[in-house]
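Following: one structure in structure tokens, then a few remarks.
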Amino acid sequence: MSGGRSRLAAILPLLWVAVFFAFPFALVAKLSLSDSVLAMPPYAPRIDWSQGFEGVRAFLAGLDGETYARLVKDRLYLDAYLSSLRLAATGTGLLLLIGYPIAYGIARCRPGVREALVMAVILPFWTSFLIRIYAWIAILKPAGVLNAALGALGLPPVDILNTETAVLLGLVYAYLPFMVLPLYAVLERQDESLIEAAQDLGATPLQAFWRVTLPISIPGAAAGALLCFIPMAGEFVIPDLMGGSETLMLGRVIWTEFFANRDWPAASAVAIVLLATLIVPILLFERQQSKVLK
Amino acid sequence: MDPGADRTLSVRPQIGGIRDTFAPWEDATARPLVRFDHVSKAFGGVSAVDGVDVSIYEREFFALLGPSGCGKTTLMRLLAGFETPDAGRILLEGRDIQDDPPHRRPVHMMFQAYALFPHLNVAQNIAFGLKRQGLGKADSAARVEEMLALVRLEGLGRRRIDQLSGGQRQRVALARAIAPRPRILLLDEPMAALDKKLREETQFELMSLQQSLGMTFMIVTHDQDEAMVVADRIAVMREGRIVQVGRPAEIYEAPADRYVAGFIGDINLFEARVTHSENGRVKLASDEGLFEAEGAGPVGKTAWVAVRPEKITVLTERPADLDRDAPNVVRGEIHDYGYLGDWTTYMVRMASGRTLRAARANATRALDRPLGVGDAVWLAFQPTSAVVLTR
Amino acid sequence: MRRGPSAFNIASVALGLVFLYAPIVVLVIYSFNDSRSVAVWGGFSTRWYAALFRDQQLLDAIGVTLRVGAISATLATLVGTMAAVALVRGGRFRGRTALAGGVYATLVMPEVILGLSLLFLFVSLGLPRGFWTVTLSHATLTLAYATVVIQARLATFDPALEEAAQDLGCPPWKAFMLVTLPGIAPAVAAAWILAFTLSLDDLVIASFTSGPGATTLPMRLYSAVRLGVDPKINAVSTLLIGLVATGVVAAYLVQQRRRARN
Numbered sequence: 000m001s002g003g004r005s006r007l008a009a010i011l012p013l014l015w016v017a018v019f020f021a022f023p024f025a026l027v028a029k030l031s032l033s034d035s036v037l038a039m040p041p042y043a044p045r046i047d048w049s050q051g052f053e054g055v056r057a058f059l060a061g062l063d064g065e066t067y068a069r070l071v072k073d074r075l076y077l078d079a080y081l082s083s084l085r086l087a088a089t090g091t092g093l094l095l096l097i098g099y100p101i102a103y104g105i106a107r108c109r110p111g112v113r114e115a116l117v118m119a120v121i122l123p124f125w126t127s128f129l130i131r132i133y134a135w136i137a138i139l140k141p142a143g144v145l146n147a148a149l150g151a152l153g154l155p156p157v158d159i160l161n162t163e164t165a166v167l168l169g170l171v172y173a174y175l176p177f178m179v180l181p182l183y184a185v186l187e188r189q190d191e192s193l194i195e196a197a198q199d200l201g202a203t204p205l206q207a208f209w210r211v212t213l214p215i216s217i218p219g220a221a222a223g224a225l226l227c228f229i230p231m232a233g234e235f236v237i238p239d240l241m242g243g244s245e246t247l248m249l250g251r252v253i254w255t256e257f258f259a260n261r262d263w264p265a266a267s268a269v270a271i272v273l274l275a276t277l278i279v280p281i282l283l284f285e286r287q288q289s290k291v292l293k
Numbered sequence: 000m001d002p003g004a005d006r007t008l009s010v011r012p013q014i015g016g017i018r019d020t021f022a023p024w025e026d027a028t029a030r031p032l033v034r035f036d037h038v039s040k041a042f043g044g045v046s047a048v049d050g051v052d053v054s055i056y057e058r059e060f061f062a063l064l065g066p067s068g069c070g071k072t073t074l075m076r077l078l079a080g081f082e083t084p085d086a087g088r089i090l091l092e093g094r095d096i097q098d099d100p101p102h103r104r105p106v107h108m109m110f111q112a113y114a115l116f117p118h119l120n121v122a123q124n125i126a127f128g129l130k131r132q133g134l135g136k137a138d139s140a141a142r143v144e145e146m147l148a149l150v151r152l153e154g155l156g157r158r159r160i161d162q163l164s165g166g167q168r169q170r171v172a173l174a175r176a177i178a179p180r181p182r183i184l185l186l187d188e189p190m191a192a193l194d195k196k197l198r199e200e201t202q203f204e205l206m207s208l209q210q211s212l213g214m215t216f217m218i219v220t221h222d223q224d225e226a227m228v229v230a231d232r233i234a235v236m237r238e239g240r241i242v243q244v245g246r247p248a249e250i251y252e253a254p255a256d257r258y259v260a261g262f263i264g265d266i267n268l269f270e271a272r273v274t275h276s277e278n279g280r281v282k283l284a285s286d287e288g289l290f291e292a293e294g295a296g297p298v299g300k301t302a303w304v305a306v307r308p309e310k311i312t313v314l315t316e317r318p319a320d321l322d323r324d325a326p327n328v329v330r331g332e333i334h335d336y337g338y339l340g341d342w343t344t345y346m347v348r349m350a351s352g353r354t355l356r357a358a359r360a361n362a363t364r365a366l367d368r369p370l371g372v373g374d375a376v377w378l379a380f381q382p383t384s385a386v387v388l389t390r
Numbered sequence: 000m001r002r003g004p005s006a007f008n009i010a011s012v013a014l015g016l017v018f019l020y021a022p023i024v025v026l027v028i029y030s031f032n033d034s035r036s037v038a039v040w041g042g043f044s045t046r047w048y049a050a051l052f053r054d055q056q057l058l059d060a061i062g063v064t065l066r067v068g069a070i071s072a073t074l075a076t077l078v079g080t081m082a083a084v085a086l087v088r089g090g091r092f093r094g095r096t097a098l099a100g101g102v103y104a105t106l107v108m109p110e111v112i113l114g115l116s117l118l119f120l121f122v123s124l125g126l127p128r129g130f131w132t133v134t135l136s137h138a139t140l141t142l143a144y145a146t147v148v149i150q151a152r153l154a155t156f157d158p159a160l161e162e163a164a165q166d167l168g169c170p171p172w173k174a175f176m177l178v179t180l181p182g183i184a185p186a187v188a189a190a191w192i193l194a195f196t197l198s199l200d201d202l203v204i205a206s207f208t209s210g211p212g213a214t215t216l217p218m219r220l221y222s223a224v225r226l227g228v229d230p231k232i233n234a235v236s237t238l239l240i241g242l243v244a245t246g247v248v249a250a251y252l253v254q255q256r257r258r259a260r261n
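Chains as they are written, first to last, in numbering that gives the first Met the number 0: chain A, 0 to 293; chain B, 0 to 390; chain C, 0 to 261.
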């Protein structure tokens with residue numbers, strides 16, 4: 000076993016993760032305790048290294064939870080928080096309902112076809128995400144493709160762009176491959192003799208599915224749900240482009256605080272709140288990943 | 000010692016005869032090729048190899064035999080350099096090789112699942128070690144051809160590995176490991192992936208190859224038959240320790256303890272008390288009768304009389320010329336038998352309720368067996384056919 | 000599973016694929032629409048493609064995006080290979096949890112948070128934002144994906160092969176280069192392509208960490224989309240889709256042919 004030498008390979012990746020991942024999070028946490036000021040960079044206090052130890056002490060004394068207090072007082076943040084979680088949860092539920100039959104259907108095909116269908120599910124993912132969302136805008140907008148088609152069929156037009164419905168549609172669309180693939184992975188591996196054994200023992204095909212296939216595929220469903228829920232809760236592009244002005248999600252709030260209001264401490268505080276909410280799902284996801292990749 | 004010197008490989012097992020004169024381990028002045036000097040190795044507190052002290056000699060075919068998890072593979076990996084001993088030394092030609100990494104050891108290994116490089120063809124696989132030795136292109140190509148001929152794979156040099164059968168892969172792995180002419184070749188369960196028939200063929204091929212190359216082989220196996228067929232000496236391992244080292248016949252006929260006796264072949268054991276012991280002959284007594292066997296044992300203590308099934312004679316009636324106190328005769332009733340073609344094994348239940356095994360060679364084509372279930376029989380064996388075990 | 004698909008199975012898969020491909024088809028069709036409006040078919044035209052190649056800003060953005068993608072994907076693949084080797088072959092070591100944690104967390108971390116934190120890093124280091132800050136940020140994002148892809152392949156790669164190479168005289172480093180690397184090469188290539196594509200596609204992290212002169216294509220597209228429908232976007236999209244589809248289908252066919260040959 001070349002364990003010892005292989006460990007040397009960890010040095011650079013660990014440094015990378017420390018510098019570009021761990022340290023930046025510490026900075027976000029620090030900034031969330033700072034105050035917003037009109038300067039560049041637009042926050043205070045900053046450590047005055049020329050003062051030595053005194054400078055550090057002055058800096059620490061300058062940190063406070065004022066920004067968080069602001070978040071709690073302002074109804075807007077709470078609404079954004081709740082609707083982020085609600086939309087992400089609803090989206091995950093819809094994805095499970097839509098993704099499962101697709102993954103199951105693919106797994107039931109014969110080997111050559113299976114791989115081609117998996118390819119077909121992944122292929123859109125390789126094209127620009129923005130462009131695919133843009134395509135939905137072109138379809139859903141009042142004078143768009145959908146309403147043109149409905150009109151041609153003599154049906155009344157629908158106006159769902161810039162509503163939560165559109166956001167959910169966008170979320171389901173964008174994350175569908177991330178739900179289908181982990182589900183497919185467990186369903187494809189499943190030994191067919193298990194189903195035969197269940198039927199041999201008197202189960203109907205439906206019972207066999209319900210009692211054998213479904214329980215076995217739960218790890219895949221859990222992986223898919225986590226893989227979708229966590230990034231969806233912080234999604235920016237979809238609510239921004241498809242949700243109109245009244246759809247509030249935390250990702251969008253962070254973006255607005257940062258780019259429009261130049262309020263770096265507020266953006267940081269919202270990011271920390273989001274992260275704190277997602278930490279449990281993230282840890283669950285990590286545990287599952289390390290189990291899969293052991 | 001040119002591995003290609005003898006190209007005409009006959010598939011002819013060399014049992015007895017010349018091989019019996021080969022016994023460097025009995026020569027106190029002989030220098031071992033490899034010496035494990037009280038080597039121990041533990042993984043996470045669990046001992047895998049425990050104080051192994053054994054020597055392997057030039058040109059020897061040495062087998063490490065034991066059940067899975069007995070430490071035999073670890074012992075081999077210690078010699079190859081993939082593990083480092085926690086205690087003890089490993090000497091190669093008298094030199095401690097502790098600090099040599101695997102790639103500097105003139106010891107090559109044939110891996111259990113062969114570990115052939117899938118991205119290289121047959122010839123490139125065989126040439127891999129030669130290239131590392133800095134052998135020139137022409138020399139290397141010539142050696143590869145030589146090796147292909149040796150393992151009877153002429154003309155397959157350009158084949159990809161995934162185009163080969165299991166038996167062919169096995170031979171490529173063998174050729175790859177011997178091509179750089181190692182001082183000792185390690186074979187890790189080399190025949191585990193082959194079916195029974197091919198395995199037997201390969202065993203004999205391996206033996207004649209080893210003989211013609213004059214190379215030292217160390218094989219790891221859990222298959223007692225395999226070890227018995229191929230090896231000059233067998234080391235039986237149990238829980239990290241070597242319990243007995245010896246020629247196959249010694250291991251079989253004079254096992255060191257009940258574990259070895261039971262691991263190799265079938266054995267019948269009678270637990271009895273030693274009543275008399277002198278001149279390599281022991282007399283014992285138990286409820287099952289009186290026994291006499293070869294060996295030595297402490298008088299008054301418990302020992303075991305071990306006798307192989309094929310050394311027991313099955314008689315339908317008590318021989319008239321035997322007196323009442325004759326040893327090594329027990330009475331029983333056949334309660335089952337198994338016809339194996341060449342042999343028939345009888346399961347005989349004694350009055351004590353214990354079952355013995357007795358085997359009879361089916362020397363004639365008699366289809367109507369004279370013995371059947373329920374028949375009362377007498378089992379007898381010679382004192383020279385049985386040994387006394389004290390452990 | 001091997002039994003044939005039922006009608007329900009076929010319908011689910013077919014509907015799923017229609018859902019996934021409908022918007023793409025609409026885009027491609029309308030990229031050839033002479034009319035500015037999506038709802039009206041004004042006849043076949045390639046004028047948006049012509050307009051696209053006259054838009055210097057857009058072409059510049061494409062150039063930046065490709066360079067950022069290539070460099071960041073190469074960095075991510077290099078570091079990702081090391082991370083994968085350490086995670087699969089390193090056994091238990093101090094820092095393993097931190098490494099695995101960092102890698103897997105990046106996979107699911109909302110991009111807004113990653114972008115914000117990386118921006119703070121560059122500000123605190125006093126690095127001017129631009130080409131290199133985006134490149135490093137993208138390498139950080141895609142490092143996780145590269146690691147997971149290579150790790151999955153490495154986990155099924157027989158470590159005995161590397162031992163065999165060492166046994167035959169290769170020092171460990173050379174054994175890795177001669178045996179393991181060729182063995183995992185397809186996964187390394189796949190990791191690079193995935194990293195490259197993710198970088199091409201990223202809007203959020205680029206918006207946070209980019210600076211003047213380093214505007215990427217997604218940033219351009221985003222502002223164009225915000226401003227309203229611009230048929231030029233349809234044209235860019237169609238070109239990108241064509242490019243990706245050709246690449247992916249070609250890779251798939253090569254793989255199938257190789258498999259058929261075996």
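Ideal Cβ positions, reconstructed from N, Cα and C, are used throughout, including at glycine.
If you check the CB distance, B:Arg272 and B:Thr301 come in under 8 Å. Apart from sequence neighbours up to five positions away, the residues of its chain that approach B:Val372 with a beta-carbon distance below 8 Å are Ile333, His334, Asp335, Tyr336, ordered along the chain.
For A:Ile136, the three-state secondary structure derived from DSSP is helix. In the DSSP assignment, the residues bridged to B:Asn267 are B:Val306.
With a 10 Å radius around the Cβ and a threshold of 16 neighbouring Cβ atoms, C:Glu162 comes out buried. In this structure, A:Tyr42 lies near A:Leu30, with their beta-carbon atoms less than 8 Å apart. Residue environment analysis places C:Lys231 among the buried positions, since at least 16 neighbouring C-beta atoms fall within 10 angstroms of its C-beta.
If you draw a straight line from the Cα of C:Ser5 to the Cα of A:Ala102, it comes to about 13 Å.
When Cβ-Cβ separations below 8 Å define contact, C:Leu160 makes contact with chain B. For B:Ser39, the enclosing beta strand (DSSP E) starts and ends at 33-42. The beta carbons of B:Asp85 and B:Ser39 sit closer together than 8 Å. The Cβ-Cβ distance between C:Leu26 and C:Thr237 falls below 8 Å.
Between C:Leu153 and C:Ala82, the beta carbon gap of about 10 Å keeps them out of contact (Cβ cut-off 8 Å).
Straight-line measurement puts the Cα of B:Gly133 at about 13 Å from the Cα of B:Arg142.
Residue pairing by DSSP leaves C:Leu242 without any beta bridge partner. Look at B:Phe42: its C-beta is not under 8 Å from any C-beta on chain C. The Cβ of C:Leu167 sits closer than 8 Å to at least one Cβ of chain B. DSSP places B:Val242 in the strand class (E or B) of the three-state scheme. Taking the CA atoms as reference points, A:Gly250 sits about 11 Å from A:Leu84.
At a cut-off of 4 residues, the continuous stretches assigned as alpha helix (DSSP H) that sit fully inside the stretch 6-83 of chain C are 6-30, 46-53. With contacts defined as CB atoms closer than 8 Å, C:Val203 and C:Leu57 fail to qualify as a contacting pair. Cβ-Cβ distances below 8 Å link B:Lys130 to Ser139 in the same chain, with the five nearest sequence neighbours on each side left out; the list follows chain order. Under the Cβ criterion of 8 Å, C:Ser209 is not counted among the residues facing chain A.
Restricted to the stretch 321-377 of chain B, the beta strand (DSSP E) segments that are unbroken, complete and at least 3 residues in length are 328-338, 342-349, 354-360, listed in chain order. As summarised for the stretch 151-216 of chain B, the continuous alpha helix (DSSP H) elements at least 4 residues long and confined to that stretch are 165-177, 195-212, given in chain order.
Looking at the DSSP output, B:His275 sits in a beta bridge with B:Lys282.
In this structure, the alpha-carbon of B:Gly340 lies about 43 Å from that of B:Gly299. Taking C:Val111 as the centre and dropping the five residues before and after it, the same chain places the C-beta of Val203 closer than 7 Å to its C-beta, in chain order. Chain-ordered listing is empty here: chain C has no CB closer than 9 Å to the CB of B:Met346, the nearest sitting near 43 Å.
By the Cβ-count criterion, A:Asp199 is exposed, with fewer than 16 other Cβ atoms from all chains shown falling within 10 Å of its own Cβ.
According to DSSP, residue pairing for B:Val53 in a beta bridge involves B:Phe35. Across the stretch 46-62 of chain C, no CB contact with chain B closer than 7 Å is found for any residue.
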